[in-house]
Amino acid sequence: MSGPTGSGPRAADPPAVDPWPRTSACAIALTAGLLLLLVGALGGRPDVALVAAAPVVGAAWDLARRPAGSVRASVRPADEGQTGGELRSVLHVEGPPGTDAALLRVRRPGSGTVEVLVRVTGTRELPVTVRTVRTGPQELVHADVQALGAGLATIAEPVRTEPHSVMVLPAPRPLGALPLPWRLRGLTGAHESRRPGDGGGLRDVHPFSAGDRLRRIDWRVTARRAPDLSELYVRRSYALADAVVVLVVDSRDDVGPDPATWGGMRPVRPEDATSLDVAREAAASVAQQLVAVGDRVGLDDLGARRRPVAPGGGRRQLARIVHSLALTRPEGEVRTRVRPPQLPSGALVVVFSTFLDDDAAQAAGSWRRAGHRVVAVDVLPRVRDTTLSDQERLALRLVSIERADRLAALTAAGVELVAWATGDPWVDLGQLRAAVAPPPGRGGRAVSRLAETLTTGWRRPVTPRAGLAAWRSSRRERVLVEVGATVPGGVLRGAVALLGVLVLLLSGLTDVGPGGSGALRPLLLAGAVAALALAVVRPAGIAPGALLVVVGVRLLQDEVAVDLRTCGLVLVVHLLVRTAALAAQARWGTRVEVALVAAELRALAVLQLGAQALTLTAAAVLASGVPGAGASWFRLGAVLAALAAVGVLGLGRWRPAGTGSEPGA
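Under the numbering used here, think of the first position of the sequence shown as 787, with each following residue one higher.
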């Protein structure tokens, strides 16, 4: 038996999917309204038909303006190089003609999800900001965009944006005085050296010799030592010089505050700053302060085999260093260096490391033995051990003891220590600046505090003087979409409840006194209350339509009457249906833009003025044969309502030149 060939019958194509289907709220309101219109028309009840006319006409008008086209959404960075603390991006949303709104679900791993229902007519760009403690390559937000048609009657398929990443530069923090090399070898700068020259402090007073400048003659000393002016004395000073500082970052370790994540089996929480984030911030802060006073700064990485940044000065050098710091990251398997990197003679070396192993400590000790002044900056975040098991606490204790011994050996070798994340760098670095000789075998205040922290297992509480990284770690990341004024979705559901109560009062459902159909009224009231409660909890369901049907049944129990009470009922029912349609697209915590609510109210005003004109006309017709019923006033009100509807519709169609699609334009 032969198999199927290419010329055989092809499988049937899948049915086409409507790209803009009706929303459930629109379909239910339209169905319930058409039912009441049919009952009112066949039963000769204009009051029942008038109550359902506005929702039906509004739904039909919105469906007639259904958009035809696809929705586009994208996320791009607001700036190429962003500074730590905030991730700024722009969410671009473009909808076809007829689009009224868009539901945005903006999220970032670890930062939660933010839902915003905004007004979108055409194209709109929304700035998005995420507060973060991380630096280096970072992923921007993701967004799911679901557009809504005119009157929120139709809805499009959700569109997901493509992922993008951006380079977040470390944000330097201001520092005070910084330590200097023991010997300044520069030729010009802002620091006083030990070489004779100009610009520095007083060196000594010396007899005038060939080459001395006349303006340096000290006439007071000359008059005191040689009253007869047989010899002149000049004031000699020290020369000014710049410092050469090399920042050495240990990028081999990138650990967070939770020791359970140090093995790499569990990821670090996005709201926690890692040791590399602290190192980037510390190195950028030191570089900014040094460049500001005219020193030359270079950068090297113990964990990467790339060309170091040669020492230099100026803003371009600072930008180069900050960008290189943002690029530092652990690179594959760690290879042990045979010897530490070569440094300029007489340079100050600042090592940023966690000192969890011997490599960084050995390099710092080697540089100190070579005659450099070495400052070791501990960038390990404040450890959080509250969730550790007994075995993990024991392992942390062993690691902390080894680390404390390693730092004590560095102190004994003459390396000065500063705790960045758990101490006060401003004070500690200022104390090192005041030091005039290497501290052999003795730690300073920072060393004693660091040793105390290590030996107690990092259980000291965070004090107000704790480092900036520890303060940042306590903050939760948050996604912020910059839109106009907003209200929470719970306010809309509360408005549904309030309007439902007004419907119960105006329709007479609360009147359960004796009568011909008195036994049915309590059942209608119970059904209306149940439908109202369900409409508040789930406005996208059948509850608003069920409440509309209950109101029609209640009106059928009374005689035909079209009066001001009917006008109020027509208004409140229409408001209830539109508010429920808006609340159906928003959860309790969804932020709804006020501009969207105002646009929906403008559209409702046009329809409602027409409905009120029709209602007043019907009232005038029914009251024309009754003396003193006010038929003339009803006719006047109908004419004014019709004129107002035409005026509002005309103003809505007219738009001045230059009016944008964004709210408030």
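Glycine included, every Cβ here is placed at the ideal spot set by N, Cα and C.
Item, Value
"Which partner residues of His-878 appear in the DSSP bridge assignment?", "Ser-860, Glu-911"
"Val-931 and Leu-873: beta carbons closer than 8 Å?", "no"
"Can you give me the C-alpha to C-alpha distance between Val-834 and Ala-1404, rounded to a whole angstrom?", "12 Å"
"Roughly how many whole angstroms lie between the Cα atoms of Ala-1096 and Arg-999?", "37 Å"
"What are the uninterrupted segments assigned as alpha helix (DSSP H) that are 4 or more residues long and contained completely in the segment 1132-1188, given in chain order?", "1144-1155"
"Candidates Ala-838, Ala-811, Leu-1193, Leu-1203: which alpha carbon is nearest Ala-1397's?", "Ala-838"
"Start and end of the alpha helix (DSSP H) containing Val-1269?", "That residue, Val-1269, is in no alpha helix (DSSP H); it is neither H nor E in DSSP."
"Once DSSP output is grouped into helix, strand and coil, what is the label at Val-1383?", "helix"
"By alpha-carbon positions, which one of Ala-840, Gly-898, Leu-934 ends up nearest to Ala-854?", "Leu-934"
"Can you tell me whether DSSP reads Glu-1351 as helix, strand or coil?", "Before going on, a small fix: residue 1351 reads as Arg here, not Glu. Looking at Arg-1351 - three-state DSSP - the assignment turns out to be helix."
"Give the single residue among Leu-1310, Ala-1156, Leu-823 whose Cα lies nearest to the Cα of Trp-968.", "Ala-1156"
"Where do the ends of the beta strand (DSSP E) carrying Val-1108 lie?", "Premise fails: Val-1108 lies in the alpha helix (DSSP H), 1101-1113, not in any beta strand (DSSP E)."
"Quick check: what's the CA-CA separation for Val-1356 versus Leu-1350?", "10 Å"
"Of the residues Pro-863, Ile-1328, Asp-1214, Met-1051, which one's Cα is nearest the Cα of Glu-925?", "Pro-863"
"So what does His-783 bridge to, in DSSP terms?", "Absent from the model: residue 783. The displayed extent of the chain is 787 to 1451, so no value can be given."
"What is the DSSP secondary structure of Ile-1003, reduced to helix, strand or coil?", "strand"
"From the DSSP secondary-structure annotation, give me the bridge partner or partners of Thr-1051.", "First, the amino acid is wrong: residue 1051 is Met here, not Thr. DSSP, once it has assigned bridges, lists no residue as partnering Met-1051."
"Classify Gly-1331: buried if its beta carbon has 16 or more other beta carbons within 10 angstroms, exposed otherwise.", "buried"
"Using only CA atoms, which one of Val-842, Arg-989, Gly-884 lies nearest to Ser-856?", "Gly-884"
"Inspect the CB distances between the segment 1072-1083 and the segment 1045-1054 and report whether three or more fall short of 8 Å.", "no"
"Just to confirm before moving on: does the CB-CB distance between Leu-955 and Thr-869 stay below 8 Å?", "yes"
"Straight-line CA distance for Ala-939 to Pro-832?", "26 Å"
"Is the beta carbon of Gly-1099 closer than 8 Å to that of Asp-1087?", "no"
"Does Trp-1005 pass the burial test, meaning 16 or more other C-beta atoms within 10 Å, or should it be called exposed?", "exposed"
"Mind checking whether Gly-1151 and Leu-1203 have CB atoms under 8 Å apart?", "no"
"Which one of Ile-941, Arg-980, Ser-995 has the shortest CA to CA distance from Leu-988?", "Arg-980"
"Considering Asp-1036, what are the terminal residues of the beta strand (DSSP E) in which it resides?", "Asp-1036 -> no beta strand (DSSP E), and no H or E assigned at all."
"Are Ala-1369 and Leu-1285 close, meaning C-beta to C-beta below 8 Å?", "no"
"Compare the Cα-Cα distances from Val-1020 to each of Asp-1039, Gly-997, Glu-1345, Thr-1296 and report the closest residue.", "Gly-997"
"On the premise that Leu-966 lies in contact with His-977, defined as a C-beta separation below 8 Å, what is that separation, rounded to the nearest angstrom?", "6 Å"
"Val-1095 bridges to which residues according to DSSP?", "Leu-1085"
"Starting from Thr-899, trace the beta strand (DSSP E) in both directions and tell me its first and last residue.", "898-905"
"Measure the alpha-carbon distance for Leu-1201 versus Ala-1112 and round it to whole angstroms.", "Rather than Leu, the amino acid found at residue 1201 in this sequence is Val. Distance between the alpha carbons of Val-1201 and Ala-1112: 27 Å."
"Considering only the alpha carbon of each residue, which of Phe-994, Ala-1029, His-1109 lies closest to Arg-971?", "Ala-1029"
"State the CB to CB distance for the pair Val-1339 and Val-1282, rounded to an integer number of angstroms; the pair is presumed to be in contact (CB under 8 Å).", "Not confirmed; about 21 Å, so no contact."
"Write down the C-beta distance between Ala-1073 and Val-1083 rounded to the nearest angstrom, noting that I regard them as a contact closer than 8 Å.", "5 Å"
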